[in-house]
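One structure is given below, encoded as structure tokens.
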Amino acid sequence: METDELIKKVIRWGRDKGLNDPKAQLNKVMEEVGEIAHEVSRNRYGKEFRDAIGDTLVTILILADIASARPMGCLELAYREIRDRKGKTENGTFVKEVEKKYKIVAEGPGRECLTWARAKDIDFTKERLKAEGYTIFKIEEEQDG
């Protein structure tokens, strides 16, 4: 069965069952993730593990639908965010590289401005503030964890 068709069937099933409470559905997501944890903690990756993964996917798809979020849109958004992420794997877990960011304090037409910019955007942000009539007083480097 094609992925899009299967997603539509799962969502239709959830609607037909009257699943429309996001908090209740989140509880189901957590319950199913707990079943995955149960299997992984015992190094079991057989039928029960696969069933728990499938049940978790179902509950997440239904939660997305309840919140009017397109599941594939959410997945695409997440992938765009991680695809160029830098970092390294430590003890089997990917740890993203800490990106520098800057706190900018400026004063402009009748008010003070406090904003932040990532390292890659600092020049653009400074130019934008100057174009809007702000004078930059301080730029401090911070760490984004």
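Take the sequence shown: its letters are residues 686 to 830, numbered as in this note's numbering. Beta carbons: idealized from backbone N, C-alpha and C, even for Gly. Note that the structure is a prediction, hence the values are computed from the model and not measured.
Counted within 10 angstroms of its Cβ, other Cβ atoms place residue i as buried (16 or more) or exposed
i: Tyr819; result: buried
i: Leu746; result: buried
i: Leu762; result: exposed
i: Asp666; result: The structure shown does not extend to residue 666, since the chain spans only 686 to 830, so no value can be given for it.
i: Leu814; result: buried
i: Pro671; result: A question about residue 671 goes unanswered here, because the residues of the chain that appear run from 686 up to 830.
i: Gly699; result: buried
i: Val664; result: Given that the chain is displayed from residue 686 to residue 830, the structure contains no residue 664 and the question cannot be resolved.
i: Ala816; result: exposed
i: Val725; result: exposed
Minimum Cβ-Cβ distance from residue i to chain C less than 9 Å
i: Thr800; result: Going by chain labels, chain C is absent from the structure shown, which holds only one protein chain.
Chain-order list of residues whose beta-carbon lies under 7 Å from that of residue i (same chain, five-residue window excluded)
i: Phe779; result: Gly772
i: Ile821; result: Ile789, Ala791, Lys811 and Leu814
Cross-strand partners of residue i (DSSP beta bridge)
i: Phe836; result: Because the chain spans 686 through 830 in this model, residue 836 falls outside it and cannot be assessed.
i: Phe779; result: Thr774
Own chain residues within Cβ distance below 6 Å of residue i, not counting five before or after
i: Ala804; result: Lys785
i: Glu782; result: Lys771 and Gly772
i: Leu760; result: none
i: Thr810; result: Ala802
Other residues of its chain near residue i: CB distance less than 8 Å, five sequence neighbours each side excluded
i: Pro707; result: Leu748, Ile751 and Ala752
i: Asp740; result: Glu717 and Glu720
i: Ile692; result: Leu746, Pro756 and Met757
Nearest-angstrom beta carbon gap, residue j and residue i [assumed within contact, 8 Å]
i: Tyr831; j: Glu826; result: Summary: the structure shown does not reach residue 831, with the chain confined to residues 686 through 830, and so no result is reported for it.
Let me know the alpha helix (DSSP H) ranges lying completely inside the segment 782-826, each 4 residues or longer, listed in chain order. 807-816
Beta strand (DSSP E) runs contained entirely in the segment 687-727, provided each spans 3 or more residues: none
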